[in-house]
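For the sequence shown, our numbering assigns the number 123 to the initial residue and increments by one for each residue that follows.
For every residue, glycine included, the Cβ atom is placed at its ideal position computed from N, Cα and C.
A quick note: this is a predicted structure, and the numbers were derived from the prediction, not measured.
Let me begin by presenting the structure, written as structure tokens, before commenting on it.
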Amino acid sequence: MPPKKVAAATSTSVYLVVSGSTISSVHASQASAEAAKKDDAKIEVQTLIGGTISVDPVAEEKKPAKAKAAKTEDAPKANTAAKKTKTPAEQRAANVDKPKKGQPADKDLPENVRSLLNGKGNQLKGMAIIVTGVPPVMGRANTEKLVVLYGGKVSKSLSKNTSLVVIGNEAGPTKLEKIEDLGLKTVDEDGLVALLEGGAGSKHALDDEDDEDEDEEEEEEEEEKPKKGKKQKK
């Protein structure tokens, strides 16, 4: 009986993970060995003669999942633009353009008043003028401005040296009584405008008006005097 043929032995490479002089593990693939290798270990390749070796799947190292950034609502962006700071000169110019409290805007003034405010003259030269109360059309500030533009001086306190008092709304009763006691000349804002529009002789016009008033008073006093009867001849 012929002898049975023995199958030739097969050789297979195996991968040893060696740490120092100790075999830590045996692997059928280099990838598996690399996965099991530690920092101080090395991989040796040996030939396996006969037998079999099973290959365990190499577990892939899972990378930690990146934490999802919490979605936040877009916050309103801050206004980082630097605010322009006005110079003192620019601020003063801006303040001039703003109408003062209780003063009408230039566009609301009558045309003749706007014309007077844009001009100048000497109709009130040498006169000390007081503005009391609030002139309803021009306002106090514009009225005092007209006094200065046309040569007058704005006074604050009443005296016998006061040339003229411009009376507006809400004038104090105590001041009105003092004006009457001092016998000062008074006009309203319309009267002041009339003086300025009257030309250079406005100051004399005031004096002429007073002279006419005095003449009328004298005439009235003369008429009130009883007439003396004539003596009859015997």
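Buried or exposed (CB count within 10 angstroms, at least 16 for buried), residue i
i: I145; result: exposed
i: N244; result: exposed
i: G274; result: buried
i: A131; result: With a pLDDT of 49 at A131, under the threshold of 50, the predicted position of this residue should be treated as unreliable, though the coordinate-derived value follows. With fewer than 16 other Cβ atoms within 10 Å, it is exposed.
i: T254; result: buried
i: A316; result: exposed
i: P232; result: exposed
i: E166; result: exposed
i: L304; result: exposed
i: L261; result: Here residue 261 is Gly; the residue named in the question, Leu, does not match the sequence. Buried, because 16 or more other Cβ atoms sit within 10 Å of the Cβ of G261.
i: P295; result: exposed
i: A155; result: buried
i: D161; result: exposed
i: V139; result: buried
Alpha-carbon to alpha-carbon, residue j and residue i
i: A263; j: E302; result: 24 Å
i: K247; j: K229; result: 28 Å
i: L239; j: T265; result: 9 Å
i: V276; j: I252; result: 6 Å
i: M249; j: V259; result: 23 Å
i: V269; j: E299; result: 23 Å
i: T284; j: P226; result: 27 Å
i: Q168; j: S141; result: 15 Å
i: A293; j: K267; result: 19 Å
i: K278; j: V309; result: 16 Å
i: S151; j: K164; result: 14 Å
i: R236; j: K242; result: 12 Å
i: Y137; j: A153; result: 9 Å
i: K297; j: L286; result: 14 Å
For residue i, the nearest candidate out of the options (CA to CA)
i: E311; options: K300, A293, I289 and H149; result: I289
i: S135; options: L286, H149 and T308; result: H149
i: L271; options: L318, P257, S151 and Y137; result: L318
i: G320; options: T308, A163, A293 and N234; result: N234
i: V256; options: A163, N291, A153 and S151; result: N291
Cβ separation of residue i and residue j, assumed to be a contact under 8 Å, to the nearest whole Å
i: L306; j: L280; result: 7 Å
i: S147; j: A158; result: 5 Å
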